[in-house]
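K.L.:
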Amino acid sequence: MTASALAAETSEILARLGVAASAFTGGTMTVRSPISGEVIGAVKEASAADMSAAIGRAHDAFLAWRKVPAPKRGELVRLFGEELRAAKADLGRLVTIEAGKITSEGLGEVQEMIDICDFAVGLSRQLYGLTIATERASHRMMETWHPIGVVGIISAFNFPVAVWSWNAALAFVCGDSVVWKPSEKTPLTALAVQALYEKAAARAGAPAGLSELVIGGKAAGEALVNDTRVPVVSATGSTAMGRAVGPRLAERFARAILELGGNNAAIIAPSADLDLVVRGVAFAAMGTAGQRCTTLRRLFVHDSIYDALVPRLKKAYGSVKVGDPREAGVLVGPLIDKASFDRMQGALSAAKAAGGVVTGGERTREDVGADAHYVRPAIVEMPGQADVVKTETFAPILYVMRWSDFDEVLKLHNDVPQGLSSSIFTNDLRQAETFLSVVGSDCGIANVNIGPSGAEIGGAFGGEKETGGGREAGSDAWKAYMRRATNTINYGRDLPLAQGVSFDVE
Ligand code: UN1
Numbered sequence: 007m008t009a010s011a012l013a014a015e016t017s018e019i020l021a022r023l024g025v026a027a028s029a030f031t032g033g034t035m036t037v038r039s040p041i042s043g044e045v046i047g048a049v050k051e052a053s054a055a056d057m058s059a060a061i062g063r064a065h066d067a068f069l070a071w072r073k074v075p076a077p078k079r080g081e082l083v084r085l086f087g088e089e090l091r092a093a094k095a096d097l098g099r100l101v102t103i104e105a106g107k108i109t110s111e112g113l114g115e116v117q118e119m120i121d122i123c124d125f126a127v128g129l130s131r132q133l134y135g136l137t138i139a140t141e142r143a144s145h146r147m148m149e150t151w152h153p154i155g156v157v158g159i160i161s162a163f164n165f166p167v168a169v170w171s172w173n174a175a176l177a178f179v180c181g182d183s184v185v186w187k188p189s190e191k192t193p194l195t196a197l198a199v200q201a202l203y204e205k206a207a208a209r210a211g212a213p214a215g216l217s218e219l220v221i222g223g224k225a226a227g228e229a230l231v232n233d234t235r236v237p238v239v240s241a242t243g244s245t246a247m248g249r250a251v252g253p254r255l256a257e258r259f260a261r262a263i264l265e266l267g268g269n270n271a272a273i274i275a276p277s278a279d280l281d282l283v284v285r286g287v288a289f290a291a292m293g294t295a296g297q298r299c300t301t302l303r304r305l306f307v308h309d310s311i312y313d314a315l316v317p318r319l320k321k322a323y324g325s326v327k328v329g330d331p332r333e334a335g336v337l338v339g340p341l342i343d344k345a346s347f348d349r350m351q352g353a354l355s356a357a358k359a360a361g362g363v364v365t366g367g368e369r370t371r372e373d374v375g376a377d378a379h380y381v382r383p384a385i386v387e388m389p390g391q392a393d394v395v396k397t398e399t400f401a402p403i404l405y406v407m408r409w410s411d412f413d414e415v416l417k418l419h420n421d422v423p424q425g426l427s428s429s430i431f432t433n434d435l436r437q438a439e440t441f442l443s444v445v446g447s448d449c450g451i452a453n454v455n456i457g458p459s460g461a462e463i464g465g466a467f468g469g470e471k472e473t474g475g476g477r478e479a480g481s482d483a484w485k486a487y488m489r490r491a492t493n494t495i496n497y498g499r500d501l502p503l504a505q506g507v508s509f510d511v512e
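Going by our numbering, 93 is the number at position 87 of the sequence shown; the sequence numbering is gapless.
1. So, for Ala6: in the same chain, excluding its five sequence neighbours on each side, which residues have a beta-carbon less than 6 Å away from its beta-carbon?
2. With a threshold of 8 Å on Cβ separation, who are the neighbours of Asp124 within its own chain once the five nearest residues in sequence on each side are excluded?
3. Under a Cβ-count criterion, where at least 16 other Cβ atoms within 10 Å of its own Cβ denotes burial, should Glu18 be classed as buried or exposed?
4. What do you reckon, is the C-beta of Val169 under 8 Å from a heavy atom of ligand 3?
5. At the level of alpha carbons, what is the spacing between Met7 and Ala26?
6. Around the C-beta of Val49, are 16 or more other C-beta atoms found within 10 angstroms, so that it is buried, or is it exposed?
7. Taking the alpha-carbon of Thr102 as reference, which of Thr137, Gly112, Glu372, Leu216 has the nearest alpha-carbon?
8. Take the Cβ of Ser428 as the centre, count every other Cβ of all protein chains shown within 10 Å, and call the residue buried at 16 or more, exposed below.
9. Let me know the alpha helix (DSSP H) ranges lying completely inside the stretch 229-254, each 4 residues or longer, listed in chain order.
10. Using a Cβ-Cβ cutoff of less than 8 Å, which residues in the same chain neighbour Glu512 once the five nearest sequence positions on both sides are dropped?
11. Between the Cα of Arg371 and the Cα atoms of Leu354, Gln391, Pro340, Lys358, which residue gives the shortest distance?
12. Since Gly362 and Val381 are thought to touch, with beta carbons under 8 Å apart, how far apart are those beta carbons, to the nearest angstrom?
13. Is the beta carbon of Ala452 less than 9 Å from the beta carbon of Phe441?
14. Tell me the rounded alpha-carbon separation between Val454 and Val444.
15. Alpha carbons only, please: which of Ser161, Tyr203, Ser508, Gly33 is nearest the one belonging to Gly227?
16. Between Glu44 and the rest of its own chain, which residues show a CB-CB distance below 7 Å, the 5 nearest in sequence each way excluded?
17. Cβ of Ser240 versus every heavy atom of ligand 1: is any distance shorter than 8 Å?
18. Does the distance from the CB of Lys187 to the CB of Glu89 come in under 9 Å?
19. If the criterion is Cβ atoms closer than 9 Å, does the pair Trp151 and Met388 meet it?
20. Buried or exposed: which applies to Asn173, given that a residue is buried once 16 or more other Cβ atoms fall within 10 Å of its Cβ?
21. With burial defined as no fewer than 16 other Cβ atoms inside 10 Å of the residue's Cβ, what is the status of Ser42: buried or exposed?
22. Quick one: what's Ala479 bridged to in DSSP?
23. So the beta strand (DSSP E) Trp409 belongs to, where does it begin and stop?
24. For ligand 1, is there a heavy atom less than 8 Å away from the beta-carbon of Thr195?
25. Short check: CB of Glu398 to CB of Gly267, under 9 Å?
26. According to DSSP, is Lys187 helix, strand or coil?
27. At the level of alpha carbons, what is the spacing between Lys485 and Cys180?
28. From this set, Val336, Val231, Thr294, which residue's C-alpha is nearest Ile263's C-alpha?
29. Considering only heavy atoms of ligand 1, list every residue whose Cβ is less than 5 Å from one of them, following chain order.
30. In the DSSP assignment, find the unbroken alpha helix (DSSP H) run with Glu104 in it and report its ends.
31. Buried or exposed for Ser240, going by 16 or more other Cβ atoms inside 10 Å?
32. So, at 8 Å on beta carbons, what are the nonlocal neighbours of Leu136 in its own chain, with the 5 sequence-adjacent residues on each side left out?
33. Here's the rule: buried if 16 or more other CB atoms are within 10 angstroms of the residue's CB, otherwise exposed. What is Ala506?
34. Please return the same chain residues whose Cβ sits closer than 7 Å to the Cβ of Arg22, not counting the five positions on each side in sequence.
35. Per the contact definition of three or more C-beta pairs closer than 8 Å, is the stretch 211-224 in contact with the stretch 59-67?
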């Protein structure tokens, strides 16, 4: 490992968070910070056999944990939330170093973990089942929710720790154990979270193996997806990844919680408050350097306000500070790696070929190093919704298109394969409500007068079509982490049969 300042700071943070140096030095998988491209760690790569052993430990832990009353399981999550609060600054900084998020977003990611912990603690006393009216006299019908088993979690680089927490905090209170395969690009934040979890687990007396972290590549991931001891797998990443994972889970009748690609849009109506629009679009399209699954990628601007709005957006794009995400005032950090940069440039070329007019998008800060990829966010004015616009490119590219007819723009809005998040900026009640109605947005998330990104954990998070259909975090997403049993109890002396069937034996 190079003895750079970044590597030294990473080691110090990891040490403070309780991660042994042996866990992130001397391994075969090198970890680089996108801030400079420098190596900041080298972790060991787990094999399929390592994954299988971890699943075995998690399964044993599940057998004990499922018998612990749910509110007591909530105590583990409460203590974990405490550890996160105490470690917020360090863990947020590590997210910044490893994923390249600006300071405020690195801290925000840890806050999202704390929020889901709080939610899950409350939930641990609210795992309600229904009591259902029965058609038979002296009978009672109800449903009970039981822990389901080991939950596999595959997470992506862009929310390296929060998305794990959405799944893990719910799984723990639901009585499940978890096995986590983080992105190969962000294993250090995973090690840090695991160390914090271990502290909480020791305080709570949770069984060993309740939360297993397995850092590995394809072999480990496949072993997790294929293992019949894992009844639920939650996977976040590209649609291509989901296409590989989904059918394998279906084949063995396991549950899939898929959170895949998005191609999120905002419709800007004539009545929109343009000050709000500029701020909302700037955050949603440029925040996290365009690397959120909820990032705003398509902007439909009404003809009548196009010339008032688009120059203002271009100005905001031109003046936004791109740079070291640790520096105050910087709003756009680096792309995660060269492959991401190459995909962005490829998309911009394709957009130009389709008649798009590109502003921005060029590489900047090349002096930082060949392995650091900073770009100026791009606005691309498109004559129409070409194929490149329908494809998700995980980078800060905003395709801008004009509209004049509301029904027509709704059609265009939904005419993409993905269905994660969406928004409309309008002060016209009819348009707002239509957008949220059955004939409006076809996405899992639909907002009015805020952009499509930056959801709170209280709602169910996920989307339709190629986004995969999964729901995580709030509302009743917990149900995916439990199995439901319908119970019918006869407290009478007769045996009436349902549907009026008679079956009398001597
Ligand atoms: C993701 O990009 O995978 O709604 C998750 C948001 C965040 C979560 C994004 N709360 O933008």
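All residues carry an ideal CB built from backbone N, CA and C; glycine is no exception.
Source: prediction; values computed, not measured.
P.N.:
From the atom records:
1. Nothing about residue 6 can be reported from this structure: the residues present for the chain run from 7 to 512 only.
2. Gly87
3. That one is exposed.
4. Ligands present in the displayed structure are limited to ligand 1, and ligand 3 is not among them.
5. In this prediction, Met7 has a pLDDT of 40, which is less than 50 and means its spatial position is unreliable; nothing more can be read from the coordinates.
6. Counting Cβ neighbours within 10 Å, Val49 comes out buried, since at least 16 surround it.
7. Gly112
8. buried
9. none
10. none
11. Pro340
12. The beta-carbon separation of Gly362 and Val381, rounded to 16 Å, does not stay under the 8 Å limit for a contact.
13. yes
14. Looking at the two C-alpha atoms, the distance is approximately 15 Å.
15. Ser161
16. Sequence-distant Cβ neighbours of Glu44 in its own chain, meaning closer than 7 Å and more than five residues away, are Thr8, Ser10, Leu12, Ala13, Arg38.
17. No, ligand 1 has no heavy atom inside 8 Å of this Cβ.
18. Going by C-beta atoms, Lys187 is not nearer than 9 Å to Glu89.
19. Here Trp151 is not near Met388, since their CB atoms are 9 Å or more apart.
20. buried
21. buried
22. Ala466
23. Per DSSP, the continuous beta strand (DSSP E) segment holding Trp409 begins and ends at 403-409.
24. no
25. yes
26. strand
27. 9 Å
28. Val231
29. That query returns the following residues: Phe165, Arg298, Cys299, Thr300, Ser459, Gly460, Ala461.
30. 94-105
31. buried
32. Met148, Glu149
33. According to the sequence as given, residue 506 is Gly; it is not Ala. Around the Cβ of Gly506, a 10 Å sphere holds fewer than 16 other Cβ atoms; the residue is exposed.
34. So the list reads Asp96, once near-sequence residues are dropped.
35. yes
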